[in-house]
Amino acid sequence: MSTMKIKKGDTVKVIAGKDKDKEGKVLSVDKKNGKVVVEGVNMVTKHAKPSAANQNGGIIQKEAALDMSNVMYVYKGKPTRIGFKVENDKKVRFAKSTGDVID
1 MSTMKIKKGD TVKVIAGKDK DKEGKVLSVD KKNGKVVVEG VNMVTKHAKP
51 SAANQNGGII QKEAALDMSN VMYVYKGKPT RIGFKVENDK KVRFAKSTGD
101 VID
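What follows is the structure, given as structure tokens:
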């Protein structure tokens, strides 16, 4: 994928899957596979062996990756699609619902 419409730090809403209608901040973006990790969404249980970082090991809850197509950017409290346009010789993202420039 060339340009990503969703970036790290954006607030997104899940629009499909078991966590539908949950909102959270994007923790990481995988451009190659088109996946995002959202804070507090798509929690999975991992069994960890004891290591230097985790002395006791045990069962850990952590976020798993979601497909980018299952999340939607939240602008001013409402989910919106994102487009690109050129302003002052710079490519910027804008909210399609309002036409406002995001960044």
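Throughout the sequence shown, residue numbering follows UniProt numbering, covering 1 to 103 in sequence. Beta carbons: idealized from backbone N, C-alpha and C, even for Gly. No experiment lies behind these values; they were computed from the predicted model shown.
8 Å Cβ cutoff met for residue i and residue j
| i | j | result |
| --- | --- | --- |
| residue 34 | residue 48 | no |
| residue 42 | residue 16 | no |
| residue 26 | residue 9 | yes |
| residue 81 | residue 96 | yes |
Whole-Å CB distance - residue i paired with residue j, under 8 Å assumed
| i | j | result |
| --- | --- | --- |
| residue 84 | residue 3 | 7 Å |
| residue 14 | residue 7 | Not really, about 17 Å apart at Cβ, beyond 8 Å. |
| residue 44 | residue 62 | 6 Å |
Neighbourhood of residue i by C-beta distance below 6 Å, restricted to the same chain and skipping five residues each side
| i | result |
| --- | --- |
| residue 60 | 46, 48 |
Cβ neighbours of residue i in the same chain (closer than 8 Å, five flanking residues each side left out)
| i | result |
| --- | --- |
| residue 56 | 50 |
| residue 93 | 5, 82, 83, 84, 101, 102, 103 |
Residue from the options whose Cα sits closest to the Cα of residue i
| i | options | result |
| --- | --- | --- |
| residue 18 | 103, 70, 101, 102 | 70 |
| residue 31 | 40, 67, 86 | 67 |
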